[in-house]
Structure formats: C-alpha cells, structure tokens
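For the sequence shown, this note's numbering begins at 17 and goes up steadily by one. This report concerns only the one structure given below.
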Amino acid sequence: MAESSNVATTVKPTNHWCESEVRQAVNRAQTVVVKVGSSSLTRPSGHLDSAKVDAIVSSLARIVGGDRRVVLVSSGAIAAGFGPLGLDERPEDVVTQQAAASVGQGLLMQRYETAFTVEGVRVGQILLTVDDTRRASRYRNVRRTLGRLLDLGVVPVVNENDALATNELRFGDNDRLSALVANIVRADALVLLTDVDGLYDVPPTYPNAKRIAFVSDVSNEDALQVTVGDSGSKVGTGGMVTKLEAARVAASSGIPVVLTDAAHLGDALEGKATGTAFAPVSHRDTSRRLWIGFAAAPRGRLTADAGAAKAVLGGRASLLAAGVIAVDGDFSAGDPVWIDDESGNHIAKGLAAYDSEEMPAMLGRSTTALKRLLDPEYAHPLVHRDNLVLL
17 MAESSNVATT VKPTNHWCES EVRQAVNRAQ TVVVKVGSSS LTRPSGHLDS AKVDAIVSSL
77 ARIVGGDRRV VLVSSGAIAA GFGPLGLDER PEDVVTQQAA ASVGQGLLMQ RYETAFTVEG
137 VRVGQILLTV DDTRRASRYR NVRRTLGRLL DLGVVPVVNE NDALATNELR FGDNDRLSAL
197 VANIVRADAL VLLTDVDGLY DVPPTYPNAK RIAFVSDVSN EDALQVTVGD SGSKVGTGGM
257 VTKLEAARVA ASSGIPVVLT DAAHLGDALE GKATGTAFAP VSHRDTSRRL WIGFAAAPRG
317 RLTADAGAAK AVLGGRASLL AAGVIAVDGD FSAGDPVWID DESGNHIAKG LAAYDSEEMP
377 AMLGRSTTAL KRLLDPEYAH PLVHRDNLVL L
C-alpha cells in the first residue's frame, strides 16, 4: 500500500529502532519464520485455494534460492478437509474439527510439497502439540530437529497437531505458535500473514480507517491506542488480537516482525513498506530464558509480598523465601511457576528450586534462619534470578 492519508501516524518511538531499520532487518534476515492463516489459503467458501498456496510458495522459494532459511507455520488442515468430508463450512464441534484435520493435513502437505517441488525446494512436515514446547527436553528436541532441517536446505512446514490437540491443551491458534517457533529457531524475522494489510487504528472496514505503518513498542499499551475488531475468519481460529500477541512475544524476544496481507509477502520479505512493522527490543535473551518466558507452562504459583515483588520487578533479584507468603500448586524442583504479587497479578515466571511440598516450611524465613532451623541446602532462593523472567 502506498503511503497516503490512509496511513496513520507512526506510534511514537521508545527505542532506537526506526521503521526502515526494521524493514531492512527483515530483508536481510537469514532465518525467517512466516505464518499463514486459513483465511489466506482458502476460497470464500472456506475450501483450500491452490492458487493462493502456489503464490505463497513462489515468494518463499525466491528467498530460499538466495540461501536464506525459511520456516513456514501454516494453518489450513481443517479447511483442507472440508471437501473430502462434504462439509460446507468449519464445524463447530471439536471432534469433527479433529476429523477434518486428520483428513486435511495430508492434503495440505501434499499441496505444499507439489508447489515447492516445482520450485526445486524440499519440504518437511512438523506437527506440534503444547507438550512439545512446555517440556524443556522436548523443546530442545524440536529445536534440534528444526535446526537440522534448515541446515539441510529443507523448508519445515509447521502446524499444530489439530487431530490430537484438545481445547484444554492447545496453542489456540498458529499466531502464538509462530512466535514460539521463531524463538525456537532463533529467527531473525517473523512475518505474519493475514487478509488485511496490517494493523489499523480502527477496524479496517471503517471508512476513516488508517493503517499503522510502524509500532516501536508493542508492549506499550498506552502508546498502542488502537481499536481491534473481530477480524477472525470463518475458517480459522485467530484474529488481530492473537496476531498482536504474537508480535509482542516475538518483538520482546528481539525478533523484528511484519504483519501484512498474504498477497504482499514478497514485498515484506524485500523490506518494502507494506503492512505494519514492529520493532524488537534491543537485546535478545538466551534460549533458556526465552523458553521460561514464552513456552514453559507454569505448574504452580508463588505469591510475593510487596517488598519481594518490588525487588523482582526491579530486575536481577532472586525470589527469596523471606519474601514469599503463599505457595499454590503441585510441582517439583525445576518446574516453571508463576510469581504473583499480593493482588494476584502475574509479574514473572521462573523455575522453582524446590518441590512444592518443601516450600511451606521455608516461607517468611531469612537465609540465616533456613540454615539454622532446616538445613543449609534450603538456604538458596526459591527462584534464582538466572531462572526468572519478568512479564
């Protein structure tokens, strides 16, 4: 989209990144994660559109041919199963959705394999569940597998395992999954494709809607004063809210993000002014801290008193037993836990140093008291600062 009165004023900057730097970072990115949703792959009827698949593959093949690495996070398995199952639209019940995904995932991959083969590119299928990212050992295994595929010049096509995932244990949409995958492969850029050209200051169907070209701080809710309408499609599960959350996760991990119309994928990859660019934070955490912050599922909660909460939020402070007033949940040492303030707000996530059954006797006691009354092994922080990530 050309710059005009239909482009809103840039959200005021709070870090050193400017829009052109973000877009050039995407253009230069050696490892790119691209997420495409069902609405960008289907006809108005909801059935898979081969022409749209071919167009996306063509844009990706051009940069793979230039020695860049691509991971494609793709929805569409349920939509691909519509036709073979005789369904006119996305089913409402989970069991039928899973049946459609079971039939459609193979058809979707077959379509991708055919299109990429024409371009001389190999593809591999990766189906993930929440458990594959919430457990550290499985998270590392996913990272190794994806990394090896990329080293071999293969384009991994990643999707949630919709045929097996349940509502209680699922990513919920591939926007969130794409941000996690970008973290897992240490991507240099994330491109989120949708059926509108970026983020707008009001729902894009409004006549006075203006596209926001650049967001410098996606975590600043006061700066990001936009009205997000219900932009979810009839064939998908996501919407603009989930895309903003994905952009927040990726940008907070040091990854530049562009959100744009699927028809403009090629322009986005070339660094052109399409869609909305999101600036990343200036630093990038280790893989371990990224896993704690964005992938690990907490198994319990530690409630910090006002002083401890202030110390944790101040940065680089461990959570000591003296500052914890309550323990909830059933967890073991090494499991992720929420750290809450006294009002019940999540302020951090971290890895517990002790089992949940050990902690009650430790609460409110100083390090000296723990050594004297219990055992020197209980003198360590409940959550060490190296295993703690602020939210």
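The beta carbon of each residue, even a glycine, is placed where N, CA and C say it ideally should be.
- Contact annotation, W307 with Y155: C-beta distance approximately 6 Å; criterion of less than 8 Å satisfied.
- Distance between G330 and G81, taken at the CA atoms: about 46 Å.
- Under the three-state reduction of DSSP, P172 is assigned to strand.
- Cβ neighbours of Q113 within its own chain (closer than 6 Å, five residues either side excluded): I94, P107.
- According to DSSP, residue pairing for Y216 in a beta bridge involves R227.
- The three-state secondary structure of R59, taken from DSSP, is coil.
- The stretch 161-168 and the stretch 123-130 do not touch, with fewer than 3 CB-CB distances between them shorter than 8 Å.
- Secondary structure in the stretch 259-323: the beta strand (DSSP E) runs of 3 residues or longer, each lying completely within the stretch, are 273-277, 292-294, 316-320 in chain order.
- Comparing alpha-carbon positions, the option among V173, Y370, S232 lying closest to V50 turns out to be V173.
- Put simply, the backbone Cα of A195 is about 15 Å away from that of R304.
- Between L398 and K365, the C-beta spacing is not below 8 Å.
- The C-alpha of P60 lies about 35 Å from the C-alpha of R44.
- G339 is positioned such that its CB atom lies closer than 8 Å to that of A324.
- Here DSSP, grouped into helix, strand and coil, assigns R150 to helix.
- In the three-state reduction of the DSSP assignment, Q141 falls in the strand class.
- For L209, the closest alpha carbon among the candidates S372, A41, T290 is that of T290.
- The alpha carbon of K259 has as its nearest neighbour, out of D65, R332, L215, T47, the alpha carbon of L215.
- Under a 10 Å Cβ-count criterion, L193 is classified as buried, with 16 or more other Cβ atoms of the shown protein chains found around its own Cβ.
- In the DSSP assignment, V89 forms a beta bridge with K51, V174.
- DSSP places G339 within a helical segment (H, G or I) once states are collapsed to three.
- By the beta-carbon neighbour count (other beta carbons within 10 angstroms, threshold 16), S372 is buried.
- Counting only the Cα atoms, T384 lies some 7 Å from A395.
- In the three-state reduction of the DSSP assignment, P107 falls in the coil class.
- Here DSSP, grouped into helix, strand and coil, assigns G82 to coil.
- CA-to-CA, the gap between S91 and N190 works out to about 7 Å.
- Residues of the same chain with a CB within less than 7 Å of the CB of L386, apart from the 5 flanking positions on each side, are A337, M378, Y394, A395 in chain order.
- Its chain contains A71 as the residues whose beta carbon lies nearer than 8 Å to that of A279, once the 5 sequence neighbours on both sides are disregarded; these appear in chain order.
- At a Cβ-Cβ threshold of 8 Å, D213 and T276 count as neighbours.
- Note on Y222: under 16 other CB atoms within 10 angstroms of its CB, so exposed under the neighbour-count rule.
- Ranked by how close their Cα comes to the Cα of D109, the residues D178, T130, A322 have D178 in first place.
- Assignment of beta-bridge partners to H400 by DSSP yields no partner.
- In this structure I228 touches D217 by the C-beta definition: roughly 6 Å separates them, less than 8 Å.
- Contact between V38 and A295 holds: their C-beta atoms lie close to 5 Å from each other, under 8 Å.
- In the three-state reduction of the DSSP assignment, D356 falls in the strand class, which pools E and B.
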